[in-house]
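Down below is the structure, laid out as structure tokens.
Protein chains: 4
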Amino acid sequence: MNTFGREFRITTFGESHGRALGVVIDGVPAGLPISEEDIRRELDRRMFCHIHWLNPRCEPEEFEILSGVKDGHTQGTPIAIVIWNKKAISSYYDELWLKPRPGHADLAYYLKYGKFYDHRGGGRASGRTTAAVVAAGAVAKKLLAQLGVEVAGHIIELGGVEVKGSYTFDDVKKSWEKPLPVVDGEALAAMLELLRRAAAEGDSVGGGVEVWAVGVPPGLGEPHFGKIKAELAMAAFSIPAVVALDWGAGRALAKMKGSEANDPIIVKEGRLALESNKAGGVLGGVTVGEPVYFRVWFKPTPSVRKPQKTVDLAKMEPTILEFKGRYDVSVVPKALVALEAMAAITLADHALRAGLVRRDKPLRDPIAR
Amino acid sequence: MNTFGREFRITTFGESHGRALGVVIDGVPAGLPISEEDIRRELDRRMFCHIHWLNPRCEPEEFEILSGVKDGHTQGTPIAIVIWNKKAISSYYDELWLKPRPGHADLAYYLKYGKFYDHRGGGRASGRTTAAVVAAGAVAKKLLAQLGVEVAGHIIELGGVEVKGSYTFDDVKKSWEKPLPVVDGEALAAMLELLRRAAAEGDSVGGGVEVWAVGVPPGLGEPHFGKIKAELAMAAFSIPAVVALDWGAGRALAKMKGSEANDPIIVKEGRLALESNKAGGVLGGVTVGEPVYFRVWFKPTPSVRKPQKTVDLAKMEPTILEFKGRYDVSVVPKALVALEAMAAITLADHALRAGLVRRDKPLRDPIAR
Amino acid sequence: MNTFGREFRITTFGESHGRALGVVIDGVPAGLPISEEDIRRELDRRMFCHIHWLNPRCEPEEFEILSGVKDGHTQGTPIAIVIWNKKAISSYYDELWLKPRPGHADLAYYLKYGKFYDHRGGGRASGRTTAAVVAAGAVAKKLLAQLGVEVAGHIIELGGVEVKGSYTFDDVKKSWEKPLPVVDGEALAAMLELLRRAAAEGDSVGGGVEVWAVGVPPGLGEPHFGKIKAELAMAAFSIPAVVALDWGAGRALAKMKGSEANDPIIVKEGRLALESNKAGGVLGGVTVGEPVYFRVWFKPTPSVRKPQKTVDLAKMEPTILEFKGRYDVSVVPKALVALEAMAAITLADHALRAGLVRRDKPLRDPIAR
Amino acid sequence: MNTFGREFRITTFGESHGRALGVVIDGVPAGLPISEEDIRRELDRRMFCHIHWLNPRCEPEEFEILSGVKDGHTQGTPIAIVIWNKKAISSYYDELWLKPRPGHADLAYYLKYGKFYDHRGGGRASGRTTAAVVAAGAVAKKLLAQLGVEVAGHIIELGGVEVKGSYTFDDVKKSWEKPLPVVDGEALAAMLELLRRAAAEGDSVGGGVEVWAVGVPPGLGEPHFGKIKAELAMAAFSIPAVVALDWGAGRALAKMKGSEANDPIIVKEGRLALESNKAGGVLGGVTVGEPVYFRVWFKPTPSVRKPQKTVDLAKMEPTILEFKGRYDVSVVPKALVALEAMAAITLADHALRAGLVRRDKPLRDPIAR
């Protein structure tokens, strides 16, 4: 339901225009250094406040750690983080009360929850709820850092513009110094232009991202039903607007012969390794010590200003919806940060499952306060 | 680990050349009619014995229902099905003992399980293990039939040949009367030719399939982390060789504007409906009463006769592998049947979670024996 | 870990002297009426503020519902409730930093979490954390009320004084009008006197309680490992200080012959029933439509003013602990309310698992706001 | 449902007079030595074939390991064990088809499963199904042995006769050389006499057992809802006929003052320890390095030869049941072995959860076959 993970386990709650969003993070061993700053940094990354026209209502999140952390370290108990919703402008949504927005969760939620759900700002289905996931991802990243694992992603497609050329994991990390994390400068310029135009038209665009995890040790993942690939796929499709996923070289592999698709096995620095890594670091659902990577595509934001056909729920008659609220021209940048978080959470979960971190005792054990 | 599902729950076991494969199916209410014939039909569909050159070692599976079924009905207790392995020819595999096959689980399993795992025939990582999933899928399909839900899939791409033109769900079901379930006759001919050529060359091909579920009632799926989309993605990526997934219109949506991508909401026969169904029957992770569909791509079978670079594990030195065993020229046909099964299991699970089937009492309650 | 339940699922968090306690309640269908008053009533019942000498620091809890409820009804989304900790007097605990209190979780937490856990007021192990469970129990009771199920308990033993005579479920419910819920007036007087004396001596007492659930429909519970009995036992032993449990007639059954212990089966008002109910409403782990009841015993509060032998953790040398903080002379009254809550949560969970409540649609479906 | 455990996870299946019983054991790392003999020894211990009048139909179980074990070691994959049912004499049960046996699961199963369940020999509710649990317990004990943990139990009460005097863990283990595992010779003689008499009368008796786990490391158990105490309570109440449980000193603690009940904390051999161990090795739900122990009571076998009141299900009229089948005069001896198994499984699960055993690699890693 609203819980993800087996040993590193998050439970999220909250509606977009309700009192607060939040997450309870369970399973973290005692003694992991964690500060408000660690959480804030990830929440800020998600906001892209520096591109003000992309996100007109941009303000840093206000959050509190309610439990599980003391004197800058985890206690081993559940970490609850609450992100307060600001006085949101909900009046936009009054008109939508009886007009489900095409492409949104509105219709599905109406059928499942009747008129009891909070539709304002997308309610529980809002992309905004991924802020809670991102907060949890900050903790997962800290835990992974102890194991030498690093997770980062970038945008590879936006509104049809695709990134060209090759790049390294360092390029991916450095791309975050740009307005949008895009390794290819030419593509970035085209994307920004395209976003501006879509905003002006009252329309929205989709796109794709790629997430890498490097330093992942071999032996993570559980066949048959706890495969790294399968659980990362579930993690990815938990994020709103995801429509496609390629693992490793992905769909291109389906057009290759077996003799082309297989990654030769070699010895590198005394260890078994893959010569290429079309497999995305996973064979048989289990990591082999190579970087893990996958790509995910998102549909365009369903909220657009253009008139759309919908139904008046009271009269059960066709009507036209003209949305006047604020919306993100593309979900892709924020969703990328959420996807990084979900990847980090999934890998942290598998590291705990595999026993890489002891939990019968703290990470470190100082006696002095 | 080897368990999937929350209320309709399957636990699989077995290695390809071990004593047996099997599955325990838990959560089925009492009183569901089920016969050995129901199981056999699905197991037979998976074998494609009618294309003998595709699957040279083809024989019907021998299986037993060990528990949970009596007098042609479920008892409400766990249903254990065991599929006996025949005297497999394992000698092919002796040479592979120290030579992990590129593209296979061998390398990952060696790193995780050391030399304790059974590598013969792919062992636990073999596509053959999906026979157990297919047996469970037969039970799930019987339960879904009670709710008016039908699941079926077809091949949409093989070795680069793609199906053209439009088709209906009836076309999809009828395609199973052909040698391979392909709605487009021209594509089918090209695919068969291509398979034959690959077999002759000692190589293999990948491809793609599409699975439909029709009659799915609205309101199934649990945001945030039990979304239908997310759990079907996990289900799909649990099947060996899956490399990509498109939900609904999939990656094409990422290139559309929001005004193009959204499915207009209409009233049809007195009910809320979608004018188009690019969303694949799901909004916000919850079904809306439209058909559910998604596409999945598979890499080519990693086993090929062509020489491949690998490592001698004893000497940790490069070596060449020349595989001489039998192999499937493409995993796609069998994997499609496994994917149908996983889709049926996932939907049956969600039907139980949502309370569509009572389990405090039997489906029907005759007193006479 | 900190999550309980499969379909009605609670996740708790919080330390006794931290920022807040709380709970996320997941799985509740949309449309269940729930008010702050419903929560407050249960939280107040737990406090026993009317016996001021029993609980010297008594003040009503301050709590907020952060999500999942709108306009007095559940939304179908997770319900997060946060209970703010007041400025607690933590100075008592400074001296305890290196002196684990005998009988408390201190020693175990020190071994597991090192000096990272919050020991103040018992931290995560405090009985106070059951306030979050009680808040969740209020929601479970509301859901059970829709099914005609009622849960209530009473004290049957305190400091060695045992309740005498027979009583009905109505007597149990009415006992809550007394200072302590004890059906036997004479026993109550003796218990109150005994509590006063123990308080004066700086000591504490244990005791026992009984919880009833009436109106439980037949057919709840899942053999083998989801037996009602087994899950209620787990629920009960999750509450701090529980040391024993009797199901139905309990240990007395172990001394009977089979011919005495079996409850004869009869027809009552056209339905199958038990003539007696030594079985506590459950056979083979499944409810039969008779009242469910069980008894639970608690050890005395480990915090006492009397000097106790412990170890100085810095020096690893014996030392004497003289606890000066406030403590509950007995955990029994508060723990009883927590036990009622856990019983309600467990039964609500089983009602959902068995499909007694649909969750593909709301409980009721008004269109008007 | 029929699955127990999170990281060491068992799934059982099978009816008493069906084709077979069995269990799938998941989560065991690769490289654990395990032989058929290990399984057989535990299955034999459960049978008590040496007391032929206790168990007239006694024969050793026939079982097969279907998967997960190769060359005497675990593979890291699920271990499926099937125990074949012999040609059972089911004719006894024909008359019971419409006459639910008082005290048995019959009534509950009829209400939940209608007439679809297999009532013969108790079907899925039979104590015989614990044979599958015992097989899994054999594997858990092997894993625990690697960590220096040993589990053993003994009978402390039978038909009202209670064991007197003190004893050590060695006494407990040695008691298995006697006809029944009873440390007190006088009590044993009385118990055997009493069993004989009950058998002659066609009646049955209940009793109690105690289970010890020594060598349990500190730091196992997860507050709030994965407490060792809570999960062992659930484990115990999963076994048929359990009616009561005392943890540590149990109900006696409820009559003590806090100053008496607390175990003083001391330093022993350089480690923190408890002077006494009334706490049963657990504080706050977490182990402290002291022996874990608890006691469990069982009701008498519900099957007795004496006439009993029941209902004819077809006519819904009162009738008399005179059971003529074979039955165990007491469930206690067999149930004790099942309880040991459940305790071992629970502790093995917690050892894995806490990361005491790595699962990203095998226990040992020989390259040679």
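Sequences listed follow chains A, B, C and D, in order. Each position in the first sequence, counted from 1, maps to that position plus 1459 in this note's numbering. Each position in the second sequence, counted from 1, maps to that position plus 1459 in this note's numbering. Each position in the third sequence, counted from 1, maps to that position plus 1459 in this note's numbering. Each position in the fourth sequence, counted from 1, maps to that position plus 1459 in this note's numbering. Just so it is clear, CB atoms sit at the ideal spot from N, CA and C, and this is done for glycine as well. As the structure is a computational prediction, the values presented were derived from the model and not from experiment.
- Of the residues C:L1780, C:M1775, C:L1772, C:A1694, the one whose Cα lies closest to the Cα of G1744 of chain D is C:A1694.
- Put simply, the backbone Cα of K1727 of chain B is about 57 Å away from that of A1810 of chain D.
- Within the model, the alpha-carbon separation for R1468 of chain D versus F1696 of chain C is close to 21 Å.
- By the beta-carbon neighbour count (other beta carbons within 10 angstroms, threshold 16), G1607 of chain C is exposed.
- Listed along chain C are R1817, R1818, D1819, each with a C-beta nearer than 7 Å to that of A1813 of chain B.
- Looking at the backbone, the Cα of R1465 of chain D and that of D1808 of chain D are separated by about 7 Å.
- With a threshold of 8 Å between beta carbons, E1749 of chain B makes no contact with chain C.
- Pairing L1491 of chain C with K1601 of chain C gives a Cβ-Cβ distance under 8 Å.
- Per DSSP, reduced to three states, the secondary structure at L1731 of chain A is strand.
- Proximity of the stretch 1745-1762 of chain A to the stretch 1657-1675 of chain A meets the contact definition, three or more beta-carbon pairs being nearer than 8 Å.
- Per DSSP, Q1767 of chain B is one residue of the beta strand (DSSP E) stretching across 1767-1771.
- Nearest to V1593 of chain B by C-alpha distance, out of B:A1611, B:G1582, B:G1581, B:H1578, is B:A1611.
- Taking 7 Å as the cut-off between beta carbons, the residues of the stretch 1554-1573 of chain B near chain A are P1559, P1561, G1562, H1563, A1564, L1566, A1567, Y1568, L1570, K1571, in sequence order.
- In terms of CA proximity to V1701 of chain D, D:R1754 leads the group D:L1712, D:R1754, D:A1773.
- Around R1465 of chain A, the beta-carbon contacts reaching into chain D at under 9 Å are R1465, E1466.
- Identification of chain B residues near G1678 of chain C by a Cβ-Cβ cut-off of 7 Å yields D1819, K1820, ordered along the chain.
- By the neighbour-count criterion, in which a residue is buried when 16 or more other Cβ atoms sit within 10 angstroms of its Cβ, H1613 of chain A is buried.
- Taking the Cβ atoms as the reference, L1822 of chain A lies roughly 7 Å from A1489 of chain A, within the contact range of under 8 Å.
- Out of C:E1799, C:G1729, C:F1472, the CA that lies nearest to the CA of K1774 of chain D is found in C:G1729.
- Of the candidates B:G1596, B:S1494, B:H1476, B:G1596 places its Cα closest to the Cα of A1794 of chain B.
- When rounded, the separation of the alpha-carbon atoms in G1473 of chain B and L1525 of chain D is 7 Å.
- DSSP places L1742 of chain A within a strand segment (E or B) once states are collapsed to three.
- Restricting attention to alpha helix (DSSP H) runs no shorter than 4 residues, the stretch 1479-1512 of chain C encloses them at 1495-1506, ordered along the chain.
- Our two residues, L1502 of chain D and T1536 of chain D, have alpha carbons roughly 22 Å apart in a direct line.
- The shortest C-alpha to C-alpha distance from L1480 of chain A to any of A:D1643, A:L1704, A:E1719, A:T1588 is the one to A:T1588.
- Using a CB distance below 8 Å, the part of the stretch 1470-1501 of chain A facing chain C consists of T1470, T1471, F1472, G1473, E1474, G1477, R1478, A1479, L1480, G1481, V1483, D1485, G1486, A1489, G1490, ordered along the chain.
- Residues of chain B whose Cβ lies closer than 8 Å to the Cβ of I1725 of chain A are, in chain order, K1768, V1770, P1777.
- Look at L1525 of chain D here: in three-state DSSP terms it is coil, with no helix or strand label.
- Any Cβ of chain A closer than 8 Å to the Cβ of G1527 of chain C would place that residue at the interface, and such an atom is present.
- Under the three-state reduction of DSSP, E1518 of chain A is assigned to coil, being neither helix nor strand.
- If you check the CB distance, H1683 of chain C and N1461 of chain D come in under 8 Å.
- Distance check between G1707 of chain A and each of A:P1699, A:K1716, A:A1720, A:I1698 places A:A1720 closest, using alpha-carbon atoms only.
- Inside the stretch 1791-1826 of chain D, DSSP marks whole alpha helix (DSSP H) runs of 4 or more residues at positions 1791-1812, from first to last along the chain.
- Per DSSP, G1644 of chain A lies in no beta strand (DSSP E); the unbroken alpha helix (DSSP H) holding it starts and ends at 1644-1660.
- With contacts defined by Cβ atoms closer than 8 Å, A1584 of chain A and P1699 of chain A form a contacting pair.
- Residue pairing for F1696 of chain B: DSSP places it in no beta bridge.
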